[in-house]
């Protein structure tokens, strides 16, 4: 069996997933056979050029024309175009791998989750950081009780690419198209990791901020208002009794890929920083001091597929891992996590932070 | 002129301040002459032994007996004994250097601030971290605009000494004696630094938590309830529009002296970690990347008093600096910062976090 | 034009170069078209399986049968099989990309360089670390004079995979097959980087050591003697007057990919560590402190081909870069560096270290 | 009993030892009573000012006038004035604590060691780094076999204070007064630590270099030649079979206090960097990764004397520890290490590196 795939979107995420599919065979020989079948995008010229580069056989400018001819839809477009193609695909029992966050609004996320529940197809959300080997190792150790009862989660995702007020306006700055700003965009990664590592979230308090409130439209004199947040912070309580802090920013001067997770429990803890993606700092048991593990050993998650110990992998390798898992689940009639129910649960936290900001109150989920 | 001093308290803080006074002459020759005159404590034997060790000429078991014979009272006792001796001293125009936090409750802090306003004596709060050279350098650069408009403050103070549930009960675990737990104890350091570096705080949301809710009483079988927090987190908004996150813990497994400050603004930022007290990481202007400054140069704050560049100083050196400034201010009829008004302002934030935790609402100051 | 390629070797290096060729089109669209034509190895079954996985159309068990049908030979086998296929290929004007070190002995390296000089084909040595973006940035800054006159080079390559005395014997432990041990294997990387960054080496003093002097043969009871070094150290003087230190080890307990380069000159310096391959620490001009650059910006070498800033790349990406340069040079009748003359120059330093160890004297090159 | 002391020298080292004596009582109550009796120096005005500041009762401009009136001579002057006062003191059974290196030449070092052997007084060399808690912890773990058989030592001491060619000439730049440059000055620290941690050194190969060969004389137009090294490197073999590399520099741009030690053996290793004096990185047993120990716990060497865990100490605290040990040894008729025999052994290595540089040959000790 060969799975045929269609990608809706051919920019950053399109490139990342195309690369992932291209590498599967060489590194994960037991992955199902995949065909990069149809690349979908509105601008035919750009799509054709991308299809050539990314190895797709056919292009379409209308996603509806593609649905019938593919086994798997990769929904890699902006947030506001997640819902319709996804729901249609699922209704036609086409599997969907959807980029995060699930949708701009809680209502749309609910519609998507409903469609997934009713469908025979598999629906996954591409929270890629779960599939970073260091994070997988952290999860393995957490579940084994190496850190005891988890007491605190701290997650930040700090980027600085929007710190310059002259950085141009995009759909990400528009509340109708994006839902939220940095909160949904990268905060959703933080929330998903928190839920996965520590468990369900009970209540939140949150602040949103927009430091740069208008931006130039590229190629014109227009300044357009920014209606989404460029920074958020939140306090969270987990059902388990653990507490947490979350932060995200696009205007964090000097930060590039500052996706950091810190967790500690009654017996130890761990720390991760995406800028040092191959490292995990841990403290367990009676250890005095934090131990820096270079996560490149054969017995580290997914690492036997790559290079001998000491040779690091890049950010995009997590996409190879998540694609391997998602496609294998399809091939084997298995399940995939994070699924849409989990994507929806994350969306509820996004929504609660936003509401807490407005009301000034702790929101119970 | 020689200033006579009396210390109320002879444990950790007594030792730190005694050491500071002992080192003044050798390293700060223009400091006023100081006499370590009276050491005050309830247990005469213990006080006598400490007086011998710390170089005090006389001991008293009752602070009231000492007030008339000293120029400066160092109030280094537990929080609940801050108010009475301090107010009495100030009413007698005896200068007071008081350990933080100012008091267990906002009401007592107000009484102390009132007394300070009415007194001709100087009243200072010993927020020692302001006098760490790396922090002083950060303040100097912040004020010079090197980081642009400050947008975000992040402060944590993570300790793990209470993570073990068998660590014995102390006055710090009692709400009547301590007021709050980690929030007032080390959170007040974070709040003071935030206010000093970024400005007044406008509103807060906060969570308190007590992970270990009873502890053994040393030398008995009794388990006594813990009525103070062992962990807190808070979101803060500054009057300037900057936002912030604060955290503190005594049960942060694996952390020893994790007093960390991170600030960024529109043009750059800095990072500090007490475990690496002689370092400051900065990013300014168009710099690509964070620069690690070893703050040991002659032109770094206070460092010309110590050793040639490359030779680091310890935690207790900040006490030398703060004593130098406080005592010089007395000798020169100057002012000292942080004073009691600033200590009170910090107490208001402590109080607001506590109230926000209870009410579940954002508290405006 | 499509270049046809044959790979001699299909293990670690075969996989790394096959992956590199596979990724060229997607990330470097202006690279020449490449065909993975023939995979060569002695064990037909193993070669066939690898060919399937690495995307080769045909297999051969005898390299001579392949030479006529390829434009480029990748010589990726053990050191002692470098010379014959390489010389034959060059004599037939087949381009050769040869893994390092050039050969087990200086004499063989000279034969290879001679063949390269007489051939119309291009001959390159695969010193991949030159093509790591952080190292390229260091080279760019060095050449621009950002560090002033270079005074000191420090290079280490520390691995620990052989620290266990039960780690099995291989050809790398045999002086006839490998020439030297860690000295030629990874020391040659260090020497090549030193020569590229600082210039020709004038004289050396060196020590070799073998800490584990026999090892078990896999699948038998035999213990076979180790006749190559598992650790080396050397002092080097450069023609420019700069001085240097080099070290390499396979028994450096706790080290995985410790390929570190430190350089400083009259105006600054830089530091690189392969375990943090996407980082470069620099100090320039009057900067106080070392600046950590995350080398992931669009204007960093090769990085515009990959992902937005903040998303790190892996070790194998340097292979993509070197293949891009080598194959482009073929397509454009250009030159490639490091060529065989440079490979030979490095071999001379390897040889001199070995001789200095034996004679106990400084060897002038 | 109170020990009376005389200090010959009142600059950097005078200040460091005076501070150490001043702190003994408060932190090491069981240390012998000490009197700072006589401060000795040629310039009476400067000495008087220093005596006042450092707490000395009396001053002398001629060391011979002091010898009879003290129990302990601290020889803290430039290298070329080590021999005479030291030998005289020892001949008069006055204890001597002498700054490193023992002497400018091997011959003088031998004279000093002879005098020490004949004397009833105690003779110690002030290699202060042995008394840094992190180094003590490393020694404790090394001796306990935590790292297995030691295979490699790496020591660097990199400073940059002389990188500027306009930094003025001093006695340190003169071979007659200093013996060697950076080799004896800070290289001797590295050698002493190597010998202490790993054992006797068997043979060396070495390079010396002088990058800045003349320097301005302060307050005049004269440029005076630099006849000592400003950088050295050496390869060493230990009697145990371990190997090592050593480096030192005064012109290492960007380095301040880069005194680094790295050791590994068959079972693990450790790393130390003076710029992070309170940290030790270790790897032991089957640990995956390096563990960063903040050496501030009660059960870390000497740390119960200072502050609660998490509160770091400074560079000068090692002087308190070495003085505590040296003076206690006097009071208790004990022994002290490093003694003059060890100082001489280090001097032999210094001398051998110098000779190897000249002859170009490995020197066996």
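Protein chains in written order, with this note's numbering: chain L, 1 to 365; chain Y, 366 to 730; chain Z, 731 to 1095; chain F, 1096 to 1460. Heads up, the beta-carbon is just placed ideally off N, CA and C, and yes, glycines get one too.
#### Entry: Those runs of the alpha helix (DSSP H) which lie wholly inside the stretch 456 to 538 of chain Y and span at least 4 residues
If one requires a minimum length of 4 residues, the alpha helix (DSSP H) runs lying completely within the stretch 456 to 538 of chain Y are 471 to 483, 498 to 508, in chain order.
### CB of residue 455 (chain Y) within 7 Å of CB of residue 480 (chain Y), strictly
Position 90 of the second chain, counted from the start, is the residue given in the question as residue 455 (chain Y). Position 115 of the second chain, counted from the start, is the residue given in the question as residue 480 (chain Y). In contact: residue 455 (chain Y) and residue 480 (chain Y) (Cβ atoms closer than 7 Å).
### Task
Output, in sequence order along the chain, the residues in the stretch 744 to 769 of chain Z whose CB is closer than 9 Å to any CB in chain L.
745, 746, 748, 749, 752, 753, 755, 756, 757, 759
### Beta-carbon neighbours of residue 634 (chain Y), restricted to chain L and to distances below 9 Å
Counted from its first residue, the second chain places residue 634 (chain Y) at position 269. Near residue 634 (chain Y) (Cβ distances below 9 Å), the residues of chain L are 252, 253, 254, 255.
### Message
Please tell me whether, using a cut-off of 6 Å, the distance from the CB of residue 124 (chain L) to the nearest non-hydrogen atom of the ligand ADP is below it.
### Response
In the structure on display, the ligand ADP does not appear, and there are no ligands present to speak of.
### Query
Nearest-angstrom Cα distance between residue 213 (chain L) and residue 513 (chain Y)?
Taking the first residue of the first chain as position 1, residue 213 (chain L) is located at position 213. Taking the first residue of the second chain as position 1, residue 513 (chain Y) is located at position 148. So the two alpha carbons sit approximately 17 Å from each other.
### Task
Determine the DSSP secondary structure at residue 1101 (chain F), reduced to helix, strand or coil.
Position 6 of the fourth chain holds residue 1101 (chain F). Correct three-state label for residue 1101 (chain F): strand.
### Query
Could you give the residue range of the alpha helix (DSSP H) that holds residue 1398 (chain F)?
Position 303 of the fourth chain, counting from 1, holds the residue named residue 1398 (chain F). It is not in any alpha helix (DSSP H) - residue 1398 (chain F) carries neither H nor E in the DSSP assignment.
### Task
Could you check what DSSP says for residue 944 (chain Z) in three-state terms: helix, strand or coil?
In the third chain, counting from the first residue as 1, residue 944 (chain Z) sits at position 214. Reduced to three states, the DSSP call for residue 944 (chain Z) is strand.
### Message
For residue 600 (chain Y) and residue 569 (chain Y), what's the separation of their Cα atoms in angstroms?
### Response
As a first step, residue 600 (chain Y) must be located in the second chain, where it is residue number 235. As a first step, residue 569 (chain Y) must be located in the second chain, where it is residue number 204. Approximately 6 Å between the Cα atoms of the pair.
### Query
Hey, is residue 166 (chain L)'s beta-carbon within less than 7 Å of any beta-carbon in chain Y?
Counted from its first residue, the first chain places residue 166 (chain L) at position 166. Look at residue 166 (chain L): its C-beta is not under 7 Å from any C-beta on chain Y.
### Query
Using a beta-carbon distance cut-off of less than 7 Å, what residues from the stretch 548 to 578 of chain Y approach chain L?
570, 572, 574, 576
### Task
Please name the residue or residues paired with residue 635 (chain Y) in a DSSP beta bridge.
The residue given as residue 635 (chain Y) occupies position 270 in the second chain. Y:628, Y:647.
### Query
Going by C-alpha distance, which of Z:991, Z:740, Z:801, Z:998 is nearest residue 1009 (chain Z)?
Within the third chain, the letter at position 279 stands for residue 1009 (chain Z). For residue 1009 (chain Z), the closest alpha carbon among the candidates Z:991, Z:740, Z:801, Z:998 is that of Z:991.
### Query
Under a CB-based cut-off of 7 Å, is residue 228 (chain L) close to chain Z?
For the purposes of this step, residue 228 (chain L) is identified with residue 228 of the first chain, where counting begins at 1. For residue 228 (chain L), the answer is no, since every Cβ of chain Z falls outside 7 Å of its Cβ.
### Query
When DSSP labels each residue in this structure, what does residue 640 (chain Y) get in the three-state scheme?
Taking the first residue of the second chain as 1, we reach residue 640 (chain Y) at position 275. Residue 640 (chain Y) falls in the helix class under three-state DSSP.
### Task
Taking 7 Å as the cut-off, decide whether the C-beta atoms of residue 437 (chain Y) and residue 523 (chain Y) are in contact.
For the purposes of this step, residue 437 (chain Y) is taken as the residue at position 72 of the second chain. For the purposes of this step, residue 523 (chain Y) is taken as the residue at position 158 of the second chain. No. Outside cutoff.
### Contact set for residue 242 (chain L): own chain, Cβ-Cβ below 7 Å, skip 5 residues either direction
Counting from one through the first chain, the residue named residue 242 (chain L) turns up at place 242. Within the same chain, residue 242 (chain L) has close Cβ partners 150, 151, 152, 153, 198.
### Message
Do residue 1180 (chain F) and residue 1103 (chain F) count as a contact pair if the criterion is CB distance below 7 Å?
### Response
The count along the fourth chain starts at 1 and reaches residue 1103 (chain F) at position 8. The count along the fourth chain starts at 1 and reaches residue 1180 (chain F) at position 85. Going by C-beta atoms, residue 1103 (chain F) is nearer than 7 Å to residue 1180 (chain F).
### Message
Tell me the DSSP secondary structure of residue 1060 (chain Z) in three-state form.
### Response
Position 330 of the third chain holds residue 1060 (chain Z). It is helical.
### Message
Looking only at its chain, what residues have a beta carbon closer than 6 Å to the beta carbon of residue 748 (chain Z), apart from the 5 residues adjacent to it on each side?
### Response
Taking the first residue of the third chain as 1, we reach residue 748 (chain Z) at position 18. Cβ neighbours of residue 748 (chain Z) beyond the five flanking positions: 784.
### Message
Checking 7 Å against the spacing of the C-beta atoms, do residue 589 (chain Y) and residue 534 (chain Y) come in under that value?
### Response
Here residue 589 (chain Y) is taken as the residue at index 224 of the second chain, counted from 1. Here residue 534 (chain Y) is taken as the residue at index 169 of the second chain, counted from 1. Result yes, Cβ atoms of residue 589 (chain Y) and residue 534 (chain Y) sit closer than 7 Å.
### Nearest-angstrom Cβ-Cβ length linking residue 885 (chain Z) and residue 852 (chain Z), presumed shorter than 8 Å
On the third chain, residue 885 (chain Z) is found 155 positions in, with the first residue counted as 1. On the third chain, residue 852 (chain Z) is found 122 positions in, with the first residue counted as 1. That pair is no contact at about 27 Å.
### Query
Roughly how many angstroms separate the alpha carbons of residue 196 (chain L) and residue 538 (chain Y), rounded to a whole number?
Taking the first residue of the first chain as position 1, residue 196 (chain L) is located at position 196. Taking the first residue of the second chain as position 1, residue 538 (chain Y) is located at position 173. Rounded to the nearest angstrom, the two C-alpha atoms are 33 Å apart.
### Task
Look at the alpha carbon of residue 1409 (chain F) and the alpha carbon of residue 675 (chain Y), and state the distance between them as a whole number of angstroms.
The residue labelled residue 1409 (chain F) in the question sits at position 314 within the fourth chain. The residue labelled residue 675 (chain Y) in the question sits at position 310 within the second chain. Roughly 11 Å separates the two Cα atoms.
### Task
Closer than 7 Å by C-beta to residue 1436 (chain F): which residues in its own chain qualify, once you throw out the five before and the five after it? Chain order, please.
Here residue 1436 (chain F) refers to the residue found at position 341 of the fourth chain. The answer, listed in chain order, is 1208.
### Task
Give the residues of chain Y in contact with residue 1107 (chain F), contact being defined as C-beta atoms less than 8 Å apart.
Taking the fourth chain and counting its residues from 1, the one referred to as residue 1107 (chain F) is at position 12. The answer, in chain order, is 672, 673.
### Query
In the stretch 1368 to 1382 of chain F, which residues sit with their C-beta less than 7 Å from some C-beta in chain Y, listed in chain order?
1370, 1371, 1372
### Query
Where does residue 743 (chain Z) land, buried or exposed, given buried means 16+ other C-beta within 10 angstroms?
Along the third chain, read from residue 1 onward, the residue named residue 743 (chain Z) stands at position 13. Its Cβ being crowded by 16 or more others within 10 Å, residue 743 (chain Z) is buried.
### Query
In this structure, what does DSSP give as the bridge partners for residue 937 (chain Z)?
Here residue 937 (chain Z) refers to the residue found at position 207 when the third chain is read from its first residue. Its beta-bridge partners are Z:963.
### Message
With a threshold of 8 Å, are at least 3 pairs of Cβ atoms found where one atom belongs to the stretch 1007 to 1027 of chain Z and the other to the stretch 339 to 355 of chain L?
### Response
no
### Query
In angstroms, rounded to a whole number, what distance separates the CA positions of residue 1284 (chain F) and residue 1296 (chain F)?
On the fourth chain, position 189 is the one that residue 1284 (chain F) refers to. On the fourth chain, position 201 is the one that residue 1296 (chain F) refers to. Taking the straight line joining both Cα atoms gives about 14 Å.
### Three-state secondary structure assigned by DSSP to residue 1155 (chain F)
Locating residue 1155 (chain F) in the fourth chain gives position 60, counting from the first residue. Here residue 1155 (chain F) carries a strand assignment [DSSP, helix/strand/coil].
### Query
For residue 244 (chain L), which beta-bridge partners are listed by DSSP?
The sequence position of residue 244 (chain L) within the first chain is 244, counting from 1. The partner list for residue 244 (chain L) (beta bridge, DSSP) reads L:153, L:236.
### Query
Taking the alpha-carbon positions, what's the residue 690 (chain Y) to residue 493 (chain Y) distance?
Working through the second chain from its first residue, we reach residue 690 (chain Y) at position 325. Working through the second chain from its first residue, we reach residue 493 (chain Y) at position 128. About 11 Å.
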